[in-house]
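Down below is the structure, laid out as structure tokens.
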Amino acid sequence: MTKTPSHDDDFFIKNAIACWLFHFPDHKWTPIYEELVKRDFNAASKPTPRPARRARTPSKTTNKKANGEAK
């Protein structure tokens, strides 16, 4: 059994435009839709920044053995 690929929003938008062009080839909007079918519709806007992390306190980051403070 073969696994079908998952489709994204871009696939469905282009498919809808292609179906519209197939059923209405002589419509006045046909040139506009022919340009739209070539465009990518992925909603890849700005990447979301990762959450900020709290800075460690100096007592947790210093190695006491390296500083000569070991007992």
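Numbering-wise (our numbering), the sequence shown opens with residue 937 and increments by one.
In this text, a Cβ means the ideal position worked out from N, Cα and C, and glycines have one as well.
Computed from a prediction, not measured in an experiment: that's the story for all the values here.
Classify residue i as buried or exposed, calling it buried when 16 or more other Cβ atoms lie within 10 Å of its own Cβ.
i, result
"I968", "exposed"
Taking residue i as part of the alpha helix (DSSP H), name the residues at either end of that continuous run.
i, result
"T966", "T966 to L972"
"F958", "D945 to H959"
How long is the line joining the alpha carbons of residue i and residue j, rounded to whole angstroms?
i, j, result
"I953", "H943", "16 angstroms"
"D976", "R990", "39 angstroms"
"T984", "D962", "43 angstroms"
"H959", "F947", "18 angstroms"
"E970", "I949", "13 angstroms"
Alpha carbons only, please: which of the options is nearest the one belonging to residue i?
i, options, result
"D945", "V973, K964 and P994", "V973"
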